[in-house]
Amino acid sequence: MALMSSPSGDASAQVKTNAERLGYPRDTKLLIIHGDDLAVAHSVNAATFAALDRNAISSASVMVPCPWFTEVAAYGREHPNADLGIHLTLTSEWKTYRWGPVAGRDQVPSLLDPDGYLWAESGQVGSHAKPEEVEREVRAQIQRALSAGIKFTHIDSHMVSLLQTPALVAVYRKVAREYHVPFLAARSTNAPHLMLSLVGDQDIVLDSVVTADEEVRPGEWKEYYVGILRGLKPGLTELIVHLGFNDAELKAITCGHLGWDAAWRQRDYDVVTNPEFKLLLDESHTRLVTWRELGKLLPNY
56 MALMSSPSGD
66 ASAQVKTNAE
76 RLGYPRDTKL
86 LIIHGDDLAV
96 AHSVNAATFA
106 ALDRNAISSA
116 SVMVPCPWFT
126 EVAAYGREHP
136 NADLGIHLTL
146 TSEWKTYRWG
156 PVAGRDQVPS
166 LLDPDGYLWA
176 ESGQVGSHAK
186 PEEVEREVRA
196 QIQRALSAGI
206 KFTHIDSHMV
216 SLLQTPALVA
226 VYRKVAREYH
236 VPFLAARSTN
246 APHLMLSLVG
256 DQDIVLDSVV
266 TADEEVRPGE
276 WKEYYVGILR
286 GLKPGLTELI
296 VHLGFNDAEL
306 KAITCGHLGW
316 DAAWRQRDYD
326 VVTNPEFKLL
336 LDESHTRLVT
346 WRELGKLLPN
356 Y
């Protein structure tokens, strides 16, 4: 089960917390509920759009290389206030449902597996991808999103591929700063020391990121999320959920994967859209925030 970390207790009282910078009391519990993997499937899009429209989640991010990207772009144009980021994608992990880069394959050969698709695992990205080609692909994804009318509020990294090496983290940070948007950086990540060594005072650093993993059993789904909300500490946390409907399309796409499959995504959707979840969120005195709000703390946003 993914663990949450609480804000460091040794920070100087003179340093404003993210809550204070947003105008809240210092000890406010701030939460982003974030839907991952937009554009990977129509089912994922439909579930995520429904959750955004119901304010069940406060943010989502789009995988630009994926086949259902144009549907997300249309939603973004029709819902300009939706908090949509770019889920920078350097991997193609499903067994029978694959995609390649946005940049020409001849422009980013180190990002390709022997079959011409993006690597299946983030570790392979770290081992094979050349930073200059990663930057070329990242920029191509951002430009395609902008050209499609998506006014993105932040960037993050699919399967944490951009956290694999210091050089890739540097690309991640460089591009975010150039476009004047926050990038997902947190004290609790798969590589916190690597990440935090490369962020600066002007960057937005979350106190915690939490998401269900394969240790959470299907029958424990509701209890897992209840535990997250009841255990929230003062500070800024992102709860990452993976939404979708357990339909034929998503079953076919996720076939052969035990984690993050169609049933998993249906469970996530059922939990976050349940009125009991909203009630518990209110009872925990947690303030939902968006990446757009956080971005306004940056210079030149």
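Going by this note's numbering, the sequence shown opens with residue 56, and the numbers climb by one from there.
Glycine included, each C-beta is placed from N, C-alpha and C at the ideal position.
Check: Do the CB positions of Asp-323 and Gly-290 come within less than 7 Å of each other?
Finding: Taking the sequence shown and counting its residues from 1, the one referred to as residue 323 is at position 268. Taking the sequence shown and counting its residues from 1, the one referred to as residue 290 is at position 235. It is not a contact, given that the beta carbons lie outside the stated cut-off.
Item checked: Under 7 Å between C-beta atoms of His-89 and Ile-295 -> Numbered from its first residue, the sequence shown carries residue 89 at position 34. Numbered from its first residue, the sequence shown carries residue 295 at position 240. Cβ distance < 7 Å, so His-89 and Ile-295 count as in contact.
Notebook entry, point to check: Between which two residues does the beta strand (DSSP E) carrying Glu-293 extend?
Noted result: Within the sequence shown, numbered from 1, the residue matching residue 293 stands at position 238. Bounds of the beta strand (DSSP E) holding Glu-293 are 290 to 296.
Check: Identify the residues that DSSP records as bridge partners of Val-117: which are they?
Finding: The count along the sequence shown starts at 1 and reaches residue 117 at position 62. Answer by DSSP bridge pairing, in chain order: Leu-93 and Ile-141.
Notebook entry, point to check: Which one of Phe-124, Lys-333, Ala-222 and Ala-106 has the shortest CA to CA distance from Ile-197?
Noted result: Start at 1 with the first residue of the sequence shown, and residue 197 comes out as number 142. Of the candidates Phe-124, Lys-333, Ala-222 and Ala-106, Phe-124 places its Cα closest to the Cα of Ile-197.
Check: In whole angstroms, what separates the C-alpha of Glu-187 from that of Ser-113?
Finding: Counting from one through the sequence shown, the residue named residue 187 turns up at place 132. Counting from one through the sequence shown, the residue named residue 113 turns up at place 58. Counting only the Cα atoms, Ser-113 lies some 33 Å from Glu-187.
Notebook entry, point to check: Taking the C-alpha atoms as reference points, what is the distance between Glu-148 and Glu-278?
Noted result: The count along the sequence shown starts at 1 and reaches residue 148 at position 93. The count along the sequence shown starts at 1 and reaches residue 278 at position 223. Rounded to whole angstroms, the gap between the alpha carbons of Glu-148 and Glu-278 is 29 Å.
Next item on the list: Please look up how many angstroms separate the CB atoms of Leu-145 and Val-189, rounded, as I've assumed it's under 8 Å.
Entry: Taking the sequence shown and counting its residues from 1, the one referred to as residue 145 is at position 90. Taking the sequence shown and counting its residues from 1, the one referred to as residue 189 is at position 134. Their Cβ separation, rounded to whole angstroms, is 7 Å, which keeps Leu-145 and Val-189 in contact under 8 Å.
Note to self: By alpha-carbon positions, which one of Gly-311, Thr-103 and Phe-238 ends up nearest to Gln-257?
What the structure shows: Your numbering for residue 257 matches position 202 in the sequence shown. The shortest Cα separation from Gln-257 among Gly-311, Thr-103 and Phe-238 belongs to Phe-238.
Checklist line | Reduced DSSP category for Phe-300 - H, G, I as helix; E, B as strand; rest coil | finding: Your numbering for residue 300 matches position 245 in the sequence shown. In the structure shown, Phe-300 sits in coil (DSSP, three-state: anything other than H, G, I, E or B).
Notebook entry, point to check: When you compare each of Glu-133, Leu-143 and Ala-105 to Met-118 by their alpha carbons, which one comes out closest?
Noted result: Locating residue 118 in the sequence shown gives position 63, where the first residue counts as 1. Of Glu-133, Leu-143 and Ala-105, the residue nearest in Cα terms is Leu-143.
Item checked: Inter-residue spacing [alpha-carbon to alpha-carbon] between Ser-60 and Thr-72 -> Counting from one through the sequence shown, the residue named residue 60 turns up at place 5. Counting from one through the sequence shown, the residue named residue 72 turns up at place 17. In this predicted model, Ser-60 has a pLDDT of only 41, less than 50, meaning its place in the structure is not dependable enough to derive any value.
Check: When burial is assigned at 16 or more other CB atoms within 10 Å of the CB, is Asn-100 buried or exposed?
Finding: As a working note, residue 100 is residue 45 in the sequence shown. Buried, since its Cβ has 16 or more Cβ neighbours within 10 Å.
Note to self: Going by DSSP, what residue range makes up the alpha helix (DSSP H) through His-342?
What the structure shows: Start at 1 with the first residue of the sequence shown, and residue 342 comes out as number 287. As written in the sequence, residue 342 is Arg, which differs from the His given in the question. Boundaries for Arg-342: no alpha helix (DSSP H) harbours it, while the beta strand (DSSP E) harbouring it runs 341 to 343, taken from the DSSP string.
Notebook entry, point to check: Where Leu-139 and Phe-332 are concerned, what is the direct C-alpha to C-alpha distance, given to the nearest angstrom?
Noted result: For this step, residue 139 is matched to residue 84 along the sequence shown. For this step, residue 332 is matched to residue 277 along the sequence shown. Distance between the alpha carbons of Leu-139 and Phe-332 is about 22 Å.
Check: Are Arg-76 and Leu-352 touching if we call contact CB-CB under 7 Å?
Finding: For the purposes of this step, residue 76 is identified with residue 21 of the sequence shown, where counting begins at 1. For the purposes of this step, residue 352 is identified with residue 297 of the sequence shown, where counting begins at 1. Taking 7 Å as the cut-off, the Cβ atoms of Arg-76 and Leu-352 count as close.
Next item on the list: Could you check which residue in Thr-341, Ala-74 and Thr-103 has the C-alpha nearest to that of Gln-321?
Entry: For the purposes of this step, residue 321 is identified with residue 266 of the sequence shown, where counting begins at 1. For Gln-321, the nearest C-alpha among the options comes from Thr-103.
Check: Between the beta-carbon of Gln-219 and the beta-carbon of Val-260, is there less than 7 Å?
Finding: Within the sequence shown, numbered from 1, the residue matching residue 219 stands at position 164. Within the sequence shown, numbered from 1, the residue matching residue 260 stands at position 205. No. Outside cutoff.
Check: With a Cβ-Cβ cutoff of 7 Å, do Val-298 and Ala-129 count as a contact?
Finding: One-based indexing of the sequence shown puts residue 298 at position 243. One-based indexing of the sequence shown puts residue 129 at position 74. A quick correction: the sequence has Leu, not Val, at residue 298. Taking 7 Å as the Cβ cut-off, Leu-298 and Ala-129 do not qualify as a contacting pair.
Check: Distance, Cα to Cα, Phe-300 vs Ser-98?
Finding: The count along the sequence shown starts at 1 and reaches residue 300 at position 245. The count along the sequence shown starts at 1 and reaches residue 98 at position 43. Each residue's Cα considered, the two are about 6 Å apart.
Margin query: Only counting the same chain, and skipping five residues up and downstream in sequence, which positions put a Cβ closer than 7 Å to that of Asp-92?
Written below: In the sequence shown, counting from the first residue as 1, residue 92 sits at position 37. Scanning its chain for C-beta atoms nearer than 7 Å, with the 5 sequence neighbours on each side dropped, one finds around Asp-92 the residues Val-99, Met-118, His-142 and His-297, in chain order.
Margin query: Using only the alpha-carbon positions, how far apart do Trp-276 and Ala-303 sit?
Written below: In the sequence shown, counting from the first residue as 1, residue 276 sits at position 221. In the sequence shown, counting from the first residue as 1, residue 303 sits at position 248. Approximately 22 Å between the Cα atoms of the pair.
Checklist line | Where Trp-319 falls: helix, strand or coil (DSSP) | finding: Residue 319 sits at position 264 when you count from the first residue of the sequence shown. Helix, per DSSP.
Next item on the list: Could you give the DSSP three-state label for Val-99: helix, strand or coil?
Entry: Residue numbering aside, residue 99 sits at position 44 when the sequence shown is read from its first letter. Correct three-state label for Val-99: helix.
Next item on the list: Within the same chain, show all residues whose beta-carbon is closer than 7 Å to that of Tyr-227, passing over the 5 residues directly before and after it, in chain order.
Entry: What you label residue 227 is simply residue 172 of the sequence shown in a count that begins at 1. Only Ser-212, Leu-217 and Phe-238 meet the Cβ criterion.
Margin query: Nearest by alpha-carbon distance to Gly-171: which of Ser-182, Ile-87, Arg-153 and Ser-202 is it?
Written below: Position 116 of the sequence shown, counting from 1, holds the residue named residue 171. Closest by alpha carbon: Arg-153.
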